[in-house]
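See structure below.
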Amino acid sequence: MDRVSIIFEGLMEFILLFATKYKYENRGILKKMKIDSRLNNDIDNDKWSSLFLEKSYYNHCAKFVLLKYLEDNRYVIPKTNLSGLEKWSKIVKNLKDDYQILYIISIRDIQADSNKKIRELFKYSDYDIFEIDNDLAEYLINYYKNIDFSELSRIDISHLFKKLYSMEMREELALEDFYRVAPAFQYILRMENEENVI
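Residue numbers for the sequence shown follow this note's numbering, so the first one is 115 and each next one is one higher.
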């Protein structure tokens, strides 16, 4: 199996875990967000919540792929690949209980990066109301720690997200037009127009 297919399989499992965990979470908050934003009011509350959740997990997938790409290319100090985990396991006694903290540190490091474009892709958005908890972080980090993202091209990443969020799904769900922008997800959907990954 090629690298993109392996990454795809892992993200599909992550999406299943994420959707199962958060399917009924934050419904009251989401309803308030819908009312306050006055966006997509023609959609009933259950469908609205479902679309929000889907856009959230796609944005988290996009963030993680970009995070791994940046770490594996040594643009930022690696924390989620094998070499990064080896260093962190020397610092943290029980890493298994702290995957979420490691993930949060990885994201916050990038949010403080000097490159504005990169900061914008990882900035906090409403879709982060569904967070990467310790179980989800442990899954992502352990599944992908031995997979090198440094060789992925923008075409590879674009192809990966065309498999995750197919043209049929794009027409049916129209997540790009739903509610507000999910920065990393939107960037990857438009990646074919970019010269490089980042």
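Note that beta-carbon positions come from the ideal geometry of N, C-alpha and C, so glycine has one too.
Model, not experiment: these values are computed from the prediction.
Measure how close the beta-carbons of residue i and residue j come, nearest whole angstrom, since I'm counting them as under 8 angstroms.
i      : j      : result
Ile224 : Leu165 : Actually they are not in contact, since the Cβ atoms of Ile224 and Leu165 sit about 27 angstroms apart, beyond 8 angstroms.
Ile312 : Leu184 : 7 angstroms
Asn310 : Arg284 : Actually they are not in contact, since the Cβ atoms of Asn310 and Arg284 sit about 24 angstroms apart, beyond 8 angstroms.
Tyr293 : Leu196 : Contact doesn't hold; Cβ gap of about 37 angstroms is too wide.
Asp291 : Asn248 : Contact flag wrong, Cβ pair sits at about 33 angstroms.
Is residue i near residue j, with beta carbons less than 8 angstroms apart?
i      : j      : result
Tyr241 : Ser151 : no
Ile121 : Leu289 : no
Lys259 : Leu303 : no
Gln214 : Ile191 : no
Lys146 : Leu167 : no
Phe244 : Ala298 : no
Lys201 : Ser220 : no
Leu144 : Ser163 : yes
Asn140 : Lys148 : no
Enumerate in chain order the residues of its own chain whose CB-to-CB distance from residue i is below 7 angstroms, with the five nearest sequence positions on each side excluded.
i      : result
Leu125 : Cys175 and Leu278
Tyr257 : Gly124
Asp262 : Asp186
Phe178 : Leu254
Ile271 : Val179, Ile302, Met305 and Val311
Ile232 : Ile224 and Ile312
Leu287 : Leu165 and Glu168
Taking the beta carbon of residue i as the centre, do at least 16 other beta carbons fall within 10 Å, making it buried, or is it exposed?
i      : result
Gly142 : exposed
Met305 : buried
Glu127 : exposed
Leu130 : exposed
Lys161 : exposed
Glu322 : Only positions 115 to 312 of the chain appear in this structure, which leaves residue 322 out of reach.
Ordered along the chain, which non-local residues of its own chain (more than five positions away) have a Cβ less than 8 angstroms from that of residue i?
i      : result
Val295 : Ser239
Can you list, in chain order, the residues of its chain whose CB lies under 6 angstroms from that of residue i, leaving out five sequence neighbours each side?
i      : result
Ala251 : Tyr213, Gln214 and Tyr217
Glu308 : Arg268
Asn173 : Tyr241, Ala296, Ala298 and Phe299
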